[in-house]
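Protein sequences appear in the order of chains A and B. Positions 8 to 199 (our numbering) are the ones given, in order, by the first sequence. Positions 8 to 199 (our numbering) are the ones given, in order, by the second sequence. Yeah, the Cβ is synthetic: ideal placement off N, Cα and C, and Gly gets one too. Input: a single structure, listed below in C-alpha cells.
Number of protein chains: 2
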Amino acid sequence: MTRPKEFDEAEVLDRALDLFRARGFKHTSFADLVKELGVSRQSLYDTYGDKQALYHAALARYLVRNLDRLRRILDEAAPVRQTFAELFDAMIEGNCANGAPGCMMVNAMVELAPHDAETRAVAARHVREVEGLYASRLSRAQRAGELARTKDPVALARFLYHTVLGLSVAARALGDRDNLRQSARIALQVLD
Amino acid sequence: MTRPKEFDEAEVLDRALDLFRARGFKHTSFADLVKELGVSRQSLYDTYGDKQALYHAALARYLVRNLDRLRRILDEAAPVRQTFAELFDAMIEGNCANGAPGCMMVNAMVELAPHDAETRAVAARHVREVEGLYASRLSRAQRAGELARTKDPVALARFLYHTVLGLSVAARALGDRDNLRQSARIALQVLD
DNA sequence: ACCAAAATGGAACAAGCGTTCCAAATTGAG
DNA sequence: CTCAATTTGGAACGCTTGTTCCATTTTGGT
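Now the structure itself:
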C-alpha cells in the first residue's frame, strides 16, 4: 500500500555509525550525513528522527554489536588469559582499522557524557554490563583453578576495562597497533 | 605610553583552559568564552588570536603544568612503586575534582587528533615525553635493584601511560574516584 | 486506472557560529 | 594638556547549523 524504502535502513545506519564514530557528534553535520549516506534530509528525519536520535541509534547499534562479539569470545572454552588476550587483540584491531576511529563508546564518553545525561546513562549501563561479563569470566576462572582465589574478580574486571578505555584513546590518537598489543600483554600480567 | 590590560593575561588563559577542558573545543563557543572570562571579544582576539589559537595556548599551558607536576613527583627519593602510586593518585584527584573534567590532553586526543594535525603532533610529542619520563624512572629503579632486570622499562612505561589514559576517560564519564584508585593499585602490580 | 501513502529534492527558516569593523572611552608618556 | 596607543562594547558580517515546509514523484493495493 505504500512505496518501499529506496535504501536499506540498517545499512544506512551502519554508515552513519562509521561517520559519527570517526568524526564525533558535533564534528559531523547533518549536511555531511546527507551527502555521505546518499539519503535525503527528509528521509533521514522521517526514518530516524533528528540528528541526536540518529546518533544514539547508531551508538546503540554499535554497543549491541560490541557486546555480541564480547560474549562470543568470553564463551569460548579457552584459558582465561588466552581469552582476554584474544579479546584485547580483537579490540585493538577494530579500533585501529579503517583510519583508527577508536571506540565509539569511548569517544562518546569523552565528547558527550559530561553534558548529555542520556549518553551518561548509556555509558554507565554499558560499563556495568562489560565489567560484569569480565567479572563472571574471571570468577569462572577462579572456580576452574586458573586464577588465584586471592584476586577480586570485580576489581580485576574494572581494571581490565579501564585498560581497554586507555588503549582505545591511544588507538584513535596515535594508532600504533604494535605498541598497543604489547601494552595489552603487560596488562594481562595481573592475572598471574 | 599605552593603556594597561584590565585583565591578567595568564589568569584569563587559565579560565579558558578550564572551559575548554570541561566542554571541549567544539562545544565551547566564542560567546561562551566572552561571557565566562569577562573579557571582550576584541580583547580576546587581540591578545590570543582566534579561537583555535586560544585553545592551543590553553592546551600548551595545561601540558607544561602537567609535566612540571610529573617531574616533581618522579624526582622524589621514594620507592618506584610508591612514586607511581602517588602519581596515579594525583592524576585521579586532578581529573575528578571540579566536575570531573578529565585530562585535557585525552579530551583533545579523542575530539581533535583525528582531524587536526597540530593536535596530533602535540599529542605525539607529549606522549613521547611522558613515556620517556616514566621509562627513565623505571630504569633508575632497575639500577637500584627495585625492579626486575627482566622487565622492559619502555614497554612498561607505555603500559602505565595507557592506564592513565583509561583512568582519565573513566574519570570524565563516570567520576568514580574510589574505583579508579583501586584500578590504579592493580595496574601497579606489573612492577612486581 | 486510481488513490492513499510515502519518498524525494529544493527552498526556506531561524538560530548560532567565528570573526571583523567601528566609534567611544580610557590610559600613560611627553 | 595633548596625543598616540590600546582598551572596550556593540553592531554587523557571512557562513553553517539543525530543522521544517512544500510541491512533485513514485509506489502498491483495490
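Excluding the five sequence neighbours on either side, which residues of its own chain have a C-beta within less than 6 Å of the C-beta of F27 of chain B, listed in chain order?
If we look at F27 of chain B and ignore the five residues flanking it on each side, its Cβ neighbours are T35, Y62, A65.
Going by C-alpha distance, which of A:A130, A:G101, A:R184 is nearest A115 of chain A?
Among A:A130, A:G101, A:R184, the Cα nearest to that of A115 of chain A is on A:A130.
Going by beta-carbon coordinates alone, are R179 of chain A and G109 of chain A separated by less than 8 Å?
Yes, these two residues count as a Cβ contact at 8 Å.
Report the start-end ranges of each beta strand (DSSP E) in the stretch 47-124 of chain B that is 3 residues or longer and not cut off at the edges.
Those beta strand (DSSP E) runs which fall completely within the stretch 47-124 of chain B and span 3+ residues do not exist here.
Say whether the stretch 79-91 of chain A touches the stretch 142-158 of chain A, bearing in mind that this needs 3 or more beta-carbon pairs closer than 8 Å, one atom from each stretch.
The stretch 79-91 of chain A vs the stretch 142-158 of chain A: in contact.
Just to confirm, is the Cβ distance from S190 of chain B to R165 of chain A under 8 Å?
Cβ atoms of S190 of chain B and R165 of chain A: closer than 8 Å.
How would you call E118 of chain B, buried or exposed, if buried means at least 16 neighbouring beta carbons within 10 angstroms?
Buried is the call here.
Just to confirm before moving on: does the CB-CB distance between M112 of chain A and L70 of chain A stay below 8 Å?
A contact, by the Cβ cut-off of 8 Å.
Is L187 of chain B near A194 of chain B, with beta carbons less than 8 Å apart?
Against a cut-off of 8 Å, the Cβ pair of A194 of chain B and L187 of chain B comes out as no contact.
Answer yes or no: do E43 of chain A and R22 of chain A have a C-beta to C-beta separation smaller than 8 Å?
Yes; because the gap between Cβ atoms is below 8 Å, this pair is in contact.
Nearest chain B C-beta to H63 of chain A closer than 8 Å, yes or no?
So no, H63 of chain A is outside the interface.
Report buried or exposed for T126 of chain A, applying the criterion of at least 16 other Cβ atoms within 10 angstroms of its Cβ.
That one is buried.
If you run the structure through DSSP and keep just helix, strand and coil, what is F166 of chain B?
Reduced to three states, the DSSP call for F166 of chain B is helix.
So, are the CB atoms of G182 of chain B and H169 of chain A less than 8 Å apart?
Contact flag unset, no.
Where does E153 of chain A fall in DSSP's three states?
It is coil, neither helix nor strand.
Q189 of chain B lies in the alpha helix (DSSP H); which residues open and close that run?
Here the alpha helix (DSSP H) through Q189 of chain B covers 184-194.
Cα separation between T157 of chain B and R150 of chain B?
Near 12 Å, if we compare the C-alpha coordinates of R150 of chain B and T157 of chain B.
Could you list which residues in chain A have their beta carbon closer than 7 Å to that of I193 of chain B, in chain order?
The contacting residues are A162, L163, F166, V197.
Along the stretch 26-38 of chain B, where does the CB come closer than 8 Å to a CB of chain A? Name the residues.
Answer set for the stretch 26-38 of chain B: A29, R30, G31, K33, H34.
Quick check: does the Cβ of H63 of chain B come within less than 7 Å of any heavy atom belonging to the ligand ADP?
This structure lacks the ligand ADP; in fact it carries no ligand of any kind.
Starting from L26 of chain B, trace the alpha helix (DSSP H) both ways and give me its first and last residue.
It spans 16-30 - the alpha helix (DSSP H) in which L26 of chain B sits, taken as one unbroken run.
Can you name, in chain order, every residue of its own chain whose Cβ lies under 6 Å from the Cβ of F37 of chain A, other than the five neighbours on each side?
Closer than 6 Å at Cβ, skipping near neighbours: K58.
For N114 of chain B, go through chain A and note every residue whose CB falls closer than 9 Å to its CB, in chain order.
Going along chain A in sequence order, the residues near N114 of chain B (Cβ under 9 Å) are V117, E118.
What span of residues does the alpha helix (DSSP H) with K158 of chain B cover, start to end?
From DSSP, K158 of chain B is part of no alpha helix (DSSP H); its letter is neither H nor E.
Give a yes or no on whether 8 Å exceeds the smallest Cβ distance from H133 of chain B to chain A.
It does not: the Cβ of H133 of chain B has no partner Cβ on chain A nearer than 8 Å.
At a CB-CB cut-off below 7 Å, which residues of chain A make contact with A177 of chain B?
Ordered by position in chain A, the residues that pass the 7 Å Cβ test against A177 of chain B are H169, L172.
So, for E100 of chain B: in the same chain, excluding its five sequence neighbours on each side, which residues have a beta-carbon less than 8 Å away from its beta-carbon?
Closer than 8 Å at the Cβ level, and outside the excluded window around E100 of chain B, lie R184.
Closest by CA to A104 of chain A, which one among A:D25, A:D159, A:V161, A:L20?
When only C-alpha atoms are compared, the closest one is A:D25.
Would you identify the three-state DSSP class for D199 of chain A, choosing helix, strand or coil?
Coil at D199 of chain A, not helix or strand.
Does the beta carbon of L181 of chain A sit closer than 8 Å to a beta carbon anywhere in chain B?
Yes, L181 of chain A counts as interfacial toward chain B.
Since E18 of chain B contacts T54 of chain B with CB under 8 Å, what's their CB separation in whole angstroms?
Contact doesn't hold; Cβ gap of about 12 Å is too wide.
Starting from the C-beta of L40 of chain B, find all residues in its chain whose C-beta is less than 7 Å away, skip the five residues before and the five after it, and write them out in chain order.
Only A23, L26, L51 meet the Cβ criterion.
Just to check my reading of the structure: A162 of chain B and L154 of chain B have Cβ atoms closer than 8 Å, yes? What is that Cβ distance to the nearest angstrom?
Actually they are not in contact, since the Cβ atoms of A162 of chain B and L154 of chain B sit about 13 Å apart, beyond 8 Å.
Flag this pair as yes or no: are the beta carbons of Q49 of chain B and V197 of chain A separated by less than 8 Å?
Contact: no.
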